[in-house]
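Be aware that the sequence shown starts at 5, since it is given in the numbering used here, and climbs by one per residue.
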Amino acid sequence: MPVKNLVHFVEWKKIPDAELDQVLCQLVDWGVEALVAHPCWGMREQEQPGYLPELNRKFRQAGLTTPACHAFWGVGYDLGFLDDGQQMDSLRQHSDFLLYLGSMGVKTYTLHPGFRQGQPISDTVWSNLARNVELLLPAAEDAGIILALENGQESAADLEKMLDLIRGFKHSNLGLCFDSGHAHCYSDLGVSGALNLCADQIVTCHLHDNDGSGDQHNPPGEGSIEWKNMIPALKQCPRLQHAETESGNWGETSWRKFSEVWMIE
Numbered sequence: 005m006p007v008k009n010l011v012h013f014v015e016w017k018k019i020p021d022a023e024l025d026q027v028l029c030q031l032v033d034w035g036v037e038a039l040v041a042h043p044c045w046g047m048r049e050q051e052q053p054g055y056l057p058e059l060n061r062k063f064r065q066a067g068l069t070t071p072a073c074h075a076f077w078g079v080g081y082d083l084g085f086l087d088d089g090q091q092m093d094s095l096r097q098h099s100d101f102l103l104y105l106g107s108m109g110v111k112t113y114t115l116h117p118g119f120r121q122g123q124p125i126s127d128t129v130w131s132n133l134a135r136n137v138e139l140l141l142p143a144a145e146d147a148g149i150i151l152a153l154e155n156g157q158e159s160a161a162d163l164e165k166m167l168d169l170i171r172g173f174k175h176s177n178l179g180l181c182f183d184s185g186h187a188h189c190y191s192d193l194g195v196s197g198a199l200n201l202c203a204d205q206i207v208t209c210h211l212h213d214n215d216g217s218g219d220q221h222n223p224p225g226e227g228s229i230e231w232k233n234m235i236p237a238l239k240q241c242p243r244l245q246h247a248e249t250e251s252g253n254w255g256e257t258s259w260r261k262f263s264e265v266w267m268i269e
């Protein structure tokens, strides 16, 4: 897979409107071709209708695409933990955002199930997750976007259960986002074991490094992930659409590091 399938994450919520055009020019100068759409854009569209179309116009004018997006996340948005009072409004927000994103060319929408390390996942949570995925799939299908449930702090057994849930739908608009940093610092399977387990359902991935002690979101080389083994294995995943960087350091040096490791064969 060529480097053009590497989608760069930028911490857009920290960039003032007045600096947007300058940042876009910098990204193009670095050789970035594709950007990860940010959930803060969806929040901004709710407050300021017309914001997303104008943003999309700027990206297209700069020659940049937006093939991937991270969903709204946290309390009130993670699909396994929506209570009856939150469900209707949360799914409406997700659905509206998906339809906007479809018009921007987004192909994957990464969602948090909401699992927490060391906390048992009840049958109710699994039922809620399956129900909310089912309710969100029609909007994803209409938008032409694949919903990607992200691995996080769950146990190996629960990761396998989430994969069984995904496979059970047998739906082309549902898959998994493989987060390398989460697998490295949370999973007792390690990166290689988690990747092998998930491989047939991975549609996108979040690439970042850490030293195994926490979710540090570093660029490659600022941690202990074995990129030379992971990248070729990722490229063999049959459903993979693209790879996303996800480091808090998104500057030029970081982009160069991600580009270099993504070229590993």
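Where a beta carbon is used, it is the ideal one built from N, C-alpha and C, also for glycine.
Out of GLN123, GLY227 and PRO223, point me to the one whose CA is closest to ASN214's CA.
Stepping through the sequence shown from its first residue, residue 214 is reached at position 210. With distances taken between Cα atoms, ASN214 lies closest to GLY227.
Across the segment 180-187 and the segment 118-136, are there enough close Cβ pairs to call them in contact, namely three or more that are closer than 8 Å?
Verdict: no, contact absent.
What's the call for VAL279, buried or exposed, on a 16-neighbour Cβ count within 10 Å?
Any property of residue 279 remains undetermined from this structure, which presents the chain solely from 5 to 269.
Taking DSSP as the reference, what is the three-state secondary structure of ILE125?
In the sequence shown, residue 125 corresponds to position 121, counting from 1. Here DSSP, grouped into helix, strand and coil, assigns ILE125 to coil.
Hey, quick one: how far does the alpha helix (DSSP H) through LEU28 stretch, first residue to last?
The count along the sequence shown starts at 1 and reaches residue 28 at position 24. 24-34 is the extent of the alpha helix (DSSP H) around LEU28.
Going by the DSSP bridge assignment, what does HIS210 pair with across the sheet?
As a position in the sequence shown, residue 210 is number 206, starting the count at 1. Residue pairing for HIS210: DSSP places it in a beta bridge opposite ASP183 and GLU248.
Burial state of ASN132 (16 or more Cβ within 10 Å):
The residue given as residue 132 occupies position 128 in the sequence shown. Counting C-beta atoms within 10 angstroms of its own C-beta, ASN132 has 16 or more neighbours from the protein chains shown and is therefore classed as buried.
For PHE101 and CYS44, I'd like the C-alpha separation in whole angstroms.
By 1-based counting over the sequence shown, the position of residue 101 is 97. By 1-based counting over the sequence shown, the position of residue 44 is 40. Going from the Cα of PHE101 to the Cα of CYS44 covers about 11 Å.
Suppose the cutoff is 8 Å on Cβ atoms and the five residues either side in sequence are ignored; what does the same chain contact list for ASP162 look like?
Translated into the one-based positions of the sequence shown, residue 162 becomes position 158. PHE119 and ILE125, listed in sequence order.
Report the CB separation of GLN245 from THR112 in whole angstroms; it is logged as a contact under 8 Å.
For the purposes of this step, residue 245 is identified with residue 241 of the sequence shown, where counting begins at 1. For the purposes of this step, residue 112 is identified with residue 108 of the sequence shown, where counting begins at 1. Contact holds; Cβ gap of about 6 Å.
Using 8 Å for Cβ pairs, my map puts LEU95 next to ALA147. What's the rounded Cβ distance?
For the purposes of this step, residue 95 is taken as residue 91 along the sequence shown, with counting starting at 1. For the purposes of this step, residue 147 is taken as residue 143 along the sequence shown, with counting starting at 1. So it is not a contact: roughly 14 Å between Cβ atoms.
For TYR81, I'd like the list of residues in its chain whose CB is within less than 6 Å of its CB, leaving aside the five on either flank, ordered along the chain.
As a first step, residue 81 is located in the sequence shown; it is residue number 77 there, counting from the start. Here the set comprises SER94.
Under the three-state DSSP convention, the category VAL40 falls into
Walking along the sequence shown from the start, residue 40 turns up at place 36. DSSP places VAL40 in strand when its eight states are reduced to three.
Around the Cβ of THR70, are there at least 16 other Cβ atoms within 10 angstroms (buried) or fewer (exposed)?
Working through the sequence shown from its first residue, we reach residue 70 at position 66. THR70 should be labelled buried.
Classify GLU248: buried if its beta carbon has 16 or more other beta carbons within 10 angstroms, exposed otherwise.
Here residue 248 refers to the residue found at position 244 when the sequence shown is read from its first residue. With 16 or more Cβ atoms within 10 Å of its Cβ, GLU248 is classed as buried.
With a threshold of 16 other CB atoms inside 10 Å of the CB of LEU24, please say whether the residue is buried or exposed.
Along the sequence shown, one-based indexing puts residue 24 at 20. Per the 10 Å Cβ criterion, exposed.
Residue from CYS209, ARG135, PRO224 and VAL32 whose Cα sits closest to the Cα of LEU169
Sequence index remark: in the sequence shown, residue 169 carries index 165 (1-based). Per the Cα distances, ARG135.
Relative to the C-alpha of GLU158, which candidate in PRO117, ALA143, LEU178 and THR128 has its C-alpha closest?
By one-based count along the sequence shown, residue 158 stands at place 154. For the residues PRO117, ALA143, LEU178 and THR128, the minimum Cα distance to GLU158 belongs to PRO117.
Sequence-distant residues of the same chain with beta carbon closer than 7 Å to PRO224, five excluded per side:
Numbered from 1 along the sequence shown, position 220 holds the residue referred to as residue 224. So the list reads ASP213, TRP231, LYS261, PHE262 and VAL265, once near-sequence residues are dropped.
Determine the contact status of LEU193 and LEU180, defining contact as a CB-CB distance below 8 Å.
Here the question's residue 193 lines up with position 189 in the sequence shown. Here the question's residue 180 lines up with position 176 in the sequence shown. The Cβ-Cβ distance between LEU193 and LEU180 does not fall below 8 Å.
Report the rounded CA-to-CA distance for VAL129 versus PHE85, giving the unit in angstroms.
In the sequence shown, counting from the first residue as 1, residue 129 sits at position 125. In the sequence shown, counting from the first residue as 1, residue 85 sits at position 81. Between the alpha carbons of VAL129 and PHE85 lies a distance of about 6 Å.
Tell me the residue span of the beta strand (DSSP E) that contains ALA72.
Taking the first residue of the sequence shown as position 1, residue 72 is located at position 68. ALA72 -> beta strand (DSSP E) spans 69-74.
Alpha-carbon to alpha-carbon, ALA75 and HIS12:
Counting from one through the sequence shown, the residue named residue 12 turns up at place 8. Counting from one through the sequence shown, the residue named residue 75 turns up at place 71. The alpha-carbon atoms of HIS12 and ALA75 are separated by roughly 16 Å.
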